[in-house]
Amino acid sequence: MMEMRALPLELWRLILAYLPLPDLGRCCQVCRAWRELVLSLDATRWRQLCLGCPECRHPNWPRRPNLEPPSWREALRQHSLASRTWAQNVPELQSSACLTLFRRRKDRRVWRVGAGPGCDFETLRGALTVAGPYDRVALQPGLYEEQAEVSLKVPVEIVGMGKLGDVALLVSFDQQCPTARLCNLVLMPAWFSPVVYKTSAGHVQLDNCNFEGAQMQVRGPGTCQARFCSFAQGGSAHFLGVALSLMDSCEFSGSDSASVTVEGPPVAERNWACKHLAALVKTMAMNSMATTPTTDPLKQGIVNSPSSTARPPGGHVPMETWIGQETDRVGGPKGGDGALLSQRTVLEDGGWSEGDVKKEDEEGGVMKRADPAYSLSYEAHGLAHLWQRGEVSEADEPVLRTLHEELQLDADAQMLVATVYGCVLRHCLLRDGKGGVHMCNHANTRLEANVFTRLHYAVRCIQNAKMVMLGNEVSGCRASGVFLRLSAQGLIAENNIHSNAEAGLDIRKGANPIILCNRIHSGLRSGIVVLGNGKGSIRSNQIYGNKEAGVYILFNGNPVVSGNHIFQGQAAGIAVNENGRGLITDNVIRENQWGGADIRRGGDPILRNNFICHGYSDGVVVGERGRGLIEGNHIYGNNGCGVWVMSSSLPQLLGNYITHNRMYGLALFCRKDPEPGAGREGGVERGVERDGERGVGGENLNEEGELSAWENDLDSEDERFSARRPISVALVESNCMSHNGAEGVYVRSCESVNIVGNMVGENRGVGVAVLQSTQLTRLVGNCIRGNAHAGVTVAKECRVELRGNGVYANGGHGVSYCGDGLVVENDIVGNRRSGIRATDNADVKVLRNRVQAGQGCGICIEEQVRGLVQDNLVFQGHSSSPTPQIQLDPQNQECVLLNNTLLSPSLPGSGCPDPHWALENPPPRPHGNDPSGSSSSAHPTNLAIAVTTRITASVESGCHNNGSIFCTVL
């Protein structure tokens, strides 16, 4: 210690910088202070030793050769340990126990080959003829060629002297010995075979070698360990039935087929090297799992895309921003003539418009202040629980699970991580060729921290093969990044998959992978495509910035899509088309240009408990022939409608919260607008149709004739999520539609519609607007309260039945009725203008309602109205109201008034309160029951079907000749 302090540390570091590796090791053993001093040379002497080693390259070659490793000394240590694997089975001399301390191994000889002085042989074959076990054959710089195959019969080490490239071999090796090592060589194919090295039983170690247009073949139980090797100009590696092999820090480029092919199930037989390779691979796997996403540079490089430049990927738009902005009915969020352009068109082309309501309000004069003595309490109605649970915040959105958390919950994923090895590729670069890794026929492959770029495809897994793919980067592929076919399985986790010409992941023909915690973004088509009976579990991924749907399910694809964040896509978040299905649950789907979820053409998913928000178009789109169960979702803050439904579709909407959308909460349309750009249903519909027609690219849809195979295989559907009974009408039940920028429910349908048990409140337009309904529309058991304009508006020639609803405190008429139908047993209380107003050529029966108007008549019947007003209870609304509570136009001869009762807050002539001045016997409508705090997802599907049975009616075909019966909104 005294001697060390005699000189400054900088001077000691300068002295130690001249010591070779053995002397540095001896200095570390002096004392702790000397050890710390030697370790402090990491950026100087240890770096020089690591880069000067002829058997290895930069520790981060070939992926990121300019990136410094965490420790140069540790990198040199790992290389030294790995380079000795081939000699781990050197037999020790037989000796007695008392001579154990004196055992020694036989000295290894070095045979020099070359034309210069001091060389033992001029040819490689001559040196191998005399070499003993574990001898070294040192090749001097030059070109060595053999005209016939060279057999390696004893363990041997062949090393090229000088720099890499100085020694080149045109030789084909056939290994027949237990182990061998090749180092610092350039291997090129001989004239008689493209295969330069093959082994079927032994172990081969390749360090710092180049394969120029050559192939390497390893057949089980043979094994291979290749480090810092380059396979260029079409060089490739082929593994057949291997139990374990390791390709570490290798580069593959210029291949005209797959760079690495893994084929066949692992053989049961194991050679001596398997246990050593297994220990090495497991150590590497533990280090990879311990690396966090914030420190791993492979997981940091998010490629900027047009959709991610405005805000960081995953950045939230605060709810206050959406609520506080004034509704823009001319342009979209970018100031263009987007989807909102059509709201004015849709509102004005029917029998009712927002301007009509404003005109009525002006004619009615100033709203009189409510008298507390005349107020009726209605807060105890049966849907109050929907109103209380309607608000959401960003804190309610599910957060992404980490890979560790996902593995703790998934035993199948744990099993894959623990058991799938086979051919292991780690820290490799595969670029500029046709294919990356191809595995087939029950092969096992493990891919860790590799880079795949500028290939036709990166990974192709088919025919019951299994793979584990951890921490890789896949980008710039001319087709899809990762293909899975024909019952392939595996775990794909924490990969960065981006900027590919087709889908990031393509899952077909019964493939069933587990896809966890990946970033899949900036693709020129969809993020993930599942089709042709493909399955899979897609969880906790970030899917963003893709030009088409984030997740695209079609042709009987049936995955589980759970807990993902799907955002900033240039099309739909999730699209389900062409008989696609799937369980889509607990995802956050936001900031997408088209619908958050788009279902059409036979798509039949389960969409449950998702947060679908802040989209530039609609929240959920159910297009032509769309189906599915849409249950318990929070759909809010979207620039278009919350849910947009075409009448030929058959969705089930149960227990959703549809709030704070800039247009309608729920819009039901008969058909799309045929004029280009003439309305929102034209613009958005055509866009999504185009996405469906294009599918996932013509090349993928017809690859290997698979399209016809899928279409002929529709009967072989997986029944995991198809236990729901088939339905003939759409169902919408127990939804909360509030605080939307236009109508809560907008109906323009030519088929029957049943709207039952929903909360429709605080919307900026009418609560429920029925502008077209040639078949019967039913409103049963809804609470329609606090909307800016009328509670319910029924246009001319519409057939509508209102039964058992509560229509409270709306800004216009309670019910404005111009069509045909029934108004039976409703509570219509506290609305600004008339309770029930029938106009034009309405043909209506108004029976057994309880009505109170804040201003105007309780029931107002105009001249041309036909019908019956009977057994209604009308409460006086204001002490100084100049209008009668029931007003019938004197010229009306077609409407009959019978047995209606008028009530005031006190008995006439006594001044005593009227005991009937309350909504009692029955209590305030609707009379739905609170499900005792249970979530909407707990509603059984057959409940909606049972309700449908109770209120069903015959429905005839409307504008669709072959269309389905439309919508029961329950």
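Numbered as in this note's numbering, the sequence shown ends at 975 without a single skipped number. A virtual CB, placed ideally from N, CA and C, is assigned to each residue, including glycine.
At what residues does the beta strand (DSSP E) containing residue i begin and finish?
i: Ser821; result: 820-822
i: Glu79; result: Glu79 -> not in any beta strand (DSSP E); alpha helix (DSSP H) instead, spanning 77-87.
i: Asp437; result: 434-445
i: Met982; result: Lying outside 6 to 975, the shown extent of the chain, residue 982 is not represented and no answer is given.
i: Val425; result: Careful: Val425 lies outside any beta strand (DSSP E) and carries neither H nor E.
i: Leu873; result: 871-875
i: Glu256; result: 256-258
i: Glu636; result: 632-636
i: Gln881; result: Gln881 -> no beta strand (DSSP E), and no H or E assigned at all.
i: Glu150; result: 147-150
i: Thr906; result: 906-908
i: Tyr751; result: 750-754
i: Ser235; result: 235-237
Which residue wins for smallest C-alpha separation from residue i, given the options the options?
i: Glu410; options: Ala389, Gly809, Val464, Cys522; result: Cys522
i: Phe674; options: Gly786, Val650, Pro910, Met668; result: Val650
i: Val479; options: Leu671, Asn469, Gly441; result: Gly441
i: Pro75; options: Ala774, Trp51, Glu274; result: Trp51
i: Cys445; options: Leu46, His432, Ala454, Gln468; result: Gln468
i: Gly933; options: Gly121, Gln238, Thr844, Cys788; result: Cys788
i: Leu980; options: Leu475, Ile548, Gln494, Asp253; result: Because the chain is modelled from 6 through 975, residue 980 falls outside the range shown and cannot be assessed.
i: Leu612; options: Glu925, Asn592, Pro895; result: Asn592
i: His461; options: Asn477, Glu802, Gly481; result: Gly481
i: Ala120; options: Pro146, Thr424, Ala508; result: Pro146
i: Asn768; options: Gly746, Leu634, Tyr426, Gly137; result: Gly746
i: Ser567; options: Asn615, Gln573, Gly578; result: Asn615
Would you mind stating whether residue i and residue j have Cβ atoms separated by less than 8 Å?
i: Pro931; j: Gly811; result: yes
i: Asn2; j: Tyr621; result: In the structure as shown, the chain begins at 6 and stops at 975. Residue 2 is therefore absent and cannot be evaluated.
i: Gly819; j: Ile833; result: yes
i: Val976; j: Ala219; result: Only positions 6 to 975 of the chain appear in this structure, which leaves residue 976 out of reach.
i: Phe178; j: Val155; result: yes
i: Asp47; j: Trp77; result: yes
i: Gly537; j: Asn505; result: no
i: Leu807; j: Leu736; result: no
i: Arg842; j: Asn815; result: no
i: Gly240; j: Ala206; result: no
i: Gln418; j: Leu496; result: According to the sequence displayed, residue 418 carries Ala and not Gln. The answer is yes: Cβ separation under 8 Å.
i: Trp277; j: Pro183; result: yes
How is residue i classed by DSSP in three states: helix, strand or coil?
i: Tyr669; result: coil
i: Ile467; result: coil
i: Gly340; result: Legend: pLDDT at Gly340 = 36, less than 50; position of this residue unreliable, value from coordinates given subsequently. Correct three-state label for Gly340: coil.
i: Val115; result: strand
i: Pro27; result: helix
i: Glu127; result: coil
i: Gln857; result: strand
i: Ala506; result: coil
i: Ala554; result: coil
i: Lys203; result: strand
i: Ala263; result: strand
i: Gln494; result: strand
i: Leu588; result: strand
i: Gln419; result: helix
i: Glu268; result: strand
Between which two residues does the alpha helix (DSSP H) carrying residue i extend?
i: Arg40; result: 37-44
i: Trp277; result: Run containing Trp277: none; DSSP gives neither H nor E here.
i: Cys55; result: 52-56
i: Trp17; result: 14-21
i: Trp649; result: Segment 648-651 is the beta strand (DSSP E) holding Trp649; no alpha helix (DSSP H) there.
i: Ala389; result: 389-393
i: His409; result: 408-414
DSSP has residue i in a bridge; who is on the other side?
i: Phe457; result: Leu435, Val479
i: Arg790; result: Gly766, Tyr813
Are the C-beta of residue i and some C-beta of chain C separated by less than 8 Å?
i: Asp894; result: This model lacks chain C altogether, as it is built from one protein chain only.
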